[in-house]
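Notes to accompany the following structure.
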Amino acid sequence: MVVAASGLTVVRGGATVLRDLTFQIGAGRITGLIGPSGSGKTTLMRAIVGAQQVTRGRLDVFSLPAGSKPLRARIGYVTQSPAVYYDLTARQNLRYFAAILGLPKDEADAALRAVDLPANSKQLVGTMSGGQRARVSLAVALLGKPDLLVLDEPTVGLDPVLRKRLWELFAGLAAEGRTLLISSHVMDEAEQCPELLMLRDGKLLMHGTKKELFDRTRTKTVHDAFLALAEEKS
Amino acid sequence: MNPRRTFATSARVLKQLGHDHRTLALLFVVPVVLLGLLAWVFSGSPGVFDMIGASLLGIFPFVVMFLTTSIATLRERSSGTLERLLAMPMGKLDIILGYALSFGLLAVVQGILASAAAVRLYGLDVAGPEWMLVLVAVANALLGTTLGLFASAFARTEFQALQFMPAFILPQFLLCGLLVPVDQLPSVLEAVANILPLTYAVDAMQLISRESAVSGEVATDLLVVLAFAAAAIILGAATLRRRTK
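The listed protein sequences derive, respectively, from chains D and P. Residue numbers for the first sequence follow the numbering used here, so the first one is 1 and each next one is one higher. Residue numbers for the second sequence follow the numbering used here, so the first one is 1001 and each next one is one higher.
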């Protein structure tokens, strides 16, 4: 298992953000983490990459407790707001992070090509559009071909054509055996994910394949399925 | 700790500043202009500039580097890049040392420019060698850099970081021996002054301006300043957290 949670609970500032989550994510799959804003998606992702302390329960990544040192080189993480240097060019950003990971310079350019950005642009990230910045941030996460990619709303606000290309890129990475966890609050996006993990108010609504979801709720779209599940639980 | 990551970080910080010409200009020009202003203010009272010029040559780089560094590292925290770096195989000390190296390099340039201007342009008359002025100015700038790194750990916003300047710097300025010699302060304040780094920095500058030979006292002062800087680096690294509660 790539990610295994049992009874995972996170309390932040007195508020229970994640409540007793138990699930497992296998290798080589794209799992969509779906839920409205405030449902705990980002906290769950931060816990998996080791940035958020687990209050109770267990959370293992590649059979090690989340946040263990050997995991740092194996996980690529893209935060919701682009965590890159705005006062550098895209290439300077990529080359810096590549140097930190001990990768050659041409890997930096390859990562930029993968997200469809020109490698030789002199434009500073700060003057780029929101979508371009998000792609620079995504390119950083692709460096070094990590085994697990944790992407927090990576395609929000992007041009549909580009969005389609990125989903193709994600599918290609999964086909190579990499595991992707991609969050979205847009239910349509979830249609792209063969497997879904649904959160609401920090609780797990469901985890399974899209087909299982549709069969169980007798619905045809993720949006309707979410509504059916939310009603069922309340 | 890993030299490759440390140097990559300092090169990156320098590249960021390379795109920000205004900040670079302010870093290098402001101390020179301030010293000029000081020389002008005291142009009617001979000897005063010679008495306090050297001390202020030590204080300006300290203040400027403190502010620059605390804001720069705060930006790293608030932009999410710090969290990203800490999720990577990156040592905490590599980040802090990377910053200290690049800002230290700027401090060298700033120290050389400010002391050259003070002595050559404004006619600051010091008994000791000019290179000692530069050395102490650079050590002070390094101290400012490392204290700024440390202080930024306790600021959540830019407003708070700016308030640290009066909170951290002004008390040291009042007690460092520039306004009243340290041994003439009330005994409680004298005891406090003796544990503040700026006191040693200013003492070194005053010794250089009075004595032609480099004494052991100056060397001790310099070592104390550098020890404070080293301690601030280690404390600064200790304040970085990979995980939030």
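Where a beta carbon is used, it is the ideal one built from N, C-alpha and C, also for glycine.
Within the stretch 1069–1119 of chain P, the alpha helix (DSSP H) runs of at least 4 residues that lie entirely inside it are, in chain order, 1081–1087, 1092–1116. Counting only unbroken stretches of 3 or more residues, the beta strand (DSSP E) elements lying wholly within the stretch 4–51 of chain D are 15–25, 30–34, in sequence order.
Taking S39(D) as the centre and dropping the five residues before and after it, the same chain places the C-beta of L199, R200 closer than 6 Å to its C-beta, in chain order. For H207(D), the uninterrupted beta strand (DSSP E) run begins and ends at 203–209, by DSSP. Between the stretch 69–88 of chain D and the stretch 138–157 of chain D, the count of C-beta pairs closer than 8 Å reaches three or more; the two stretches touch. Contact annotation for L197(D) against chain P: no contact, minimum CB-CB distance about 21 Å [criterion: below 9 Å]. Fully enclosed alpha helix (DSSP H) runs of no fewer than 4 residues occupy 1130–1152, 1158–1164, 1170–1175 of the stretch 1116–1179 of chain P, in order along the chain. Annotation: L1198(P) to V1108(P) spans about 18 Å, alpha carbon to alpha carbon. Shown here for R58(D): same chain residues with a beta carbon closer than 6 Å to its own, the five before and five after excluded, namely S6 in chain order. Out of S68(D), L227(D), D224(D), A190(D), the CA that lies nearest to the CA of T209(D) is found in A190(D). In terms of beta-carbon proximity, R1077(P) stays away from the interface with chain D, with every pair separated by 7 Å or more. Across the stretch 1138–1166 of chain P, no CB contact with chain D closer than 9 Å is found for any residue. Its Cα nearest to that of T1069(P), the residue Y1099(P) stands out among L1226(P), I1059(P), Y1099(P). In the three-state reduction of the DSSP assignment, Y85(D) falls in the coil class. Between A1161(P) and T1239(P), the gap from beta carbon to beta carbon reaches 7 Å or more.
Here L181(D) is near V150(D), since their CB atoms are less than 7 Å apart. Scanning its chain for C-beta atoms nearer than 7 Å, with the 5 sequence neighbours on each side dropped, one finds around T1146(P) the residues A1100, A1229, A1232, I1233, G1236, in chain order. Cβ contact annotation for E195(D) (same chain, cutoff 6 Å, sequence separation greater than five): R29, T31, T209, in chain order. A straight line joining the alpha-carbon of A1201(P) with that of Q92(D) spans about 37 Å. DSSP, reduced to helix, strand and coil, places R58(D) within a strand of the structure shown. Contact of T79(D) with chain P is assigned, a C-beta pair being separated by under 7 Å. Contact annotation: A1087(P) and V125(D) have beta-carbon atoms that are not nearer than 7 Å. Legend: CB atoms of the stretch 1085–1103 of chain P lying less than 9 Å from CB atoms of chain D belong to residues L1085, L1086, A1087, M1088, P1089, M1090, D1094.
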